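Count the sequence shown with full-length UniProt numbering and you get residues 1 to 149, in order.
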Amino acid sequence: MPLFVDTSPPGQCIFCRLVAGEIPAARVYEDTLTIAFMDIGQVNPGHVLVATKRHAATLLDITPQEAAAVMQTAQRVASAIQATFDPPGITLLQANGREGDQTVFHFHLHVVPRHAQDGIALSWPRKNPDATTLQDYAAQLTRAIAPTP
Ligand SMILES: [Zn+2]
Numbered sequence: 001m002p003l004f005v006d007t008s009p010p011g012q013c014i015f016c017r018l019v020a021g022e023i024p025a026a027r028v029y030e031d032t033l034t035i036a037f038m039d040i041g042q043v044n045p046g047h048v049l050v051a052t053k054r055h056a057a058t059l060l061d062i063t064p065q066e067a068a069a070v071m072q073t074a075q076r077v078a079s080a081i082q083a084t085f086d087p088p089g090i091t092l093l094q095a096n097g098r099e100g101d102q103t104v105f106h107f108h109l110h111v112v113p114r115h116a117q118d119g120i121a122l123s124w125p126r127k128n129p130d131a132t133t134l135q136d137y138a139a140q141l142t143r144a145i146a147p148t149p
C-alpha cells in the first residue's frame, strides 16, 4: 500500500483542493456528485480514482445517492479503461480508516487495470468459522442493517 498519508483537516484535504481546482489533476470525468482523475501513483497505466465531490471521510459518511453515483462513475471509468488500455482484469479497491489502509481521508474508490504479475498483492488469512458462527454473524447484521430507504 502507498506510504503517503494526508493529515490535512477535513475541508482542506488534498481531494477537496483538487475538486476546487486549487491543485492540478489529470481529470477524466465529473458530474454533480463525483469526480474521476488519474492516481498519481499509477500502479498500472489507466489507474483512476473516483471520489465524491463533497468532503466525506469514509463509506459510512457518504449518502446512498453518493454511493450509487460513485459506483456508476466507476463503471463508466472501467469501460473507458477497458476500451483504452485493454487490461485482462480490473480491480476496484475502496479503503476506510487507517486500519483499513485508507491514506487520504476523503472518500474515494480506486479503479485499477490489472495484469499478470503486476505486483499488487491482496490476501488475508482465512479463519473458516463453523456454520453456526456464520449464522450468528448473519443474524447480528440482519438486526443491525438499515431499512431500505
Ligand atoms: Zn476532502
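The beta carbon of each residue, even a glycine, is placed where N, CA and C say it ideally should be.
Source: prediction; values computed, not measured.
| Item | Value |
| --- | --- |
| Could you give the distance in angstroms between the alpha-carbon of Ala69 and the alpha-carbon of Asp31? | 9 angstroms |
| For Arg143, does the three-state DSSP call read helix, strand or coil? | helix |
| What residue ranges within the stretch 15-92 form continuous beta strand (DSSP E) runs of no fewer than 3 residues, ordered along the chain? | 27-30, 34-38 and 48-52 |
| Could you work out which residue in Thr103, Arg114, Ser123 and Pro129 is closest to Asp6 when comparing CA atoms only? | Thr103 |
| Give a single yes or no on whether Phe15 has its beta carbon closer than 7 angstroms to a heavy atom of ligand 1. | yes |
| Who are the Cβ neighbours of Pro45 in its own chain at under 6 angstroms, not counting the five residues just before and after it? | Phe85 |
| From Pro64 to Thr142, what distance separates their C-alpha atoms? | 18 angstroms |
| Could you check the C-alpha separation between Asp101 and Thr132 for me, to the nearest Å? | 30 angstroms |
| Taking 6 angstroms as the limit between beta carbons, can you name the residues of its chain near residue 174, skipping five residues before and five after? | The shown model of the chain, from 1 to 149, leaves out residue 174, and the question about it has no answer. |
| Measuring straight from C-alpha to C-alpha, what distance separates Ser8 and Ile14? | 7 angstroms |
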